[in-house]
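K.L.:
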Amino acid sequence: GMSGTNAYVVLSPAPRDEPQVPVGDTPAASGFPVSAATPAALAELARRYAEQLAALPAAEYPAFASTAGGGRARLKHAVWVQATGASAAAAALTELASGSAHPAVRTLPPDEPLPDRPGRAVLSLPTYPWQRGSHIASR
């Protein structure tokens, strides 16, 4: 418009859709990654995930694991939660959130690839705990 607003349009082919698997037909999940920019954010995200898993019907756990691991950027602090069910995952995440070790939680080195996901189902997850901080160099 006249006020100096610019608009840009990027034309490209539409992304290919992955076939969606109904929640009840999702293959079994063996685990999922959790990552965050800081240790405090990782603990907070683990707490939120644990709360959601505690109320999650067992049939929806594979969709949770698939959603937690798919389409999310891997951040600096990452762990793999090895769990085949919601209650085991919730217990592991509760320990992670409290700062304790759990045998089902393994810290992921930055260069280690994530395991392949068995299927694709989508479930709404808690939001990421954004942490505000100053990035201005002190003088």
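Start counting the sequence shown at 12; every next residue gets the next number (this note's numbering).
Backbone N, C-alpha and C fix where the C-beta goes; we use that ideal spot for every residue, glycine too.
Do the CB positions of Ala153 and Ala94 come within less than 8 Å of each other?
P.N.:
The question about residue 153 has no answer, for the chain in this structure spans 12 to 150.
K.L.:
In whole angstroms, what is the alpha-carbon distance linking Pro50 and Ser111?
P.N.:
13 Å
K.L.:
Compare the beta carbon distance of Gly80 and Phe43 with 8 Å and say whether it is the shorter of the two.
P.N.:
Going by beta carbons, Gly80 and Phe43 fall inside the 8 Å limit.
K.L.:
For Tyr19, is the classification buried or exposed, using 16 other Cβ atoms within 10 angstroms of its Cβ as the cut-off for buried?
P.N.:
exposed
K.L.:
Please list the terminal residues of the continuous alpha helix (DSSP H) segment that includes Thr3.
P.N.:
No statement about residue 3 is possible, as the shown extent of the chain runs from 12 to 150 and does not include it.
K.L.:
When burial is assigned at 16 or more other CB atoms within 10 Å of the CB, is Trp141 buried or exposed?
P.N.:
In summary, Trp141 is exposed, with fewer than 16 beta-carbon neighbours lying within 10 Å of its beta-carbon over all protein chains present.
K.L.:
Please identify the residue among Leu22, Pro121, Leu56, Ser23 whose C-alpha is closest to the C-alpha of Ala103.
P.N.:
Leu56
K.L.:
Is it true that the CB of Ala47 sits closer than 8 Å to the CB of Ala76?
P.N.:
Against a cut-off of 8 Å, the Cβ pair of Ala47 and Ala76 comes out as no contact.
K.L.:
Where does Arg59 fall in DSSP's three states?
P.N.:
helix
K.L.:
Would a C-beta distance cut-off of 8 Å place Ala65 and Ala99 closer than the cut-off?
P.N.:
no
K.L.:
Return the CA-CA distance between Leu107 and Pro120, expressed in angstroms with no decimal places.
P.N.:
17 Å
K.L.:
With DSSP run on the structure shown, which of helix, strand or coil describes Ala76?
P.N.:
helix
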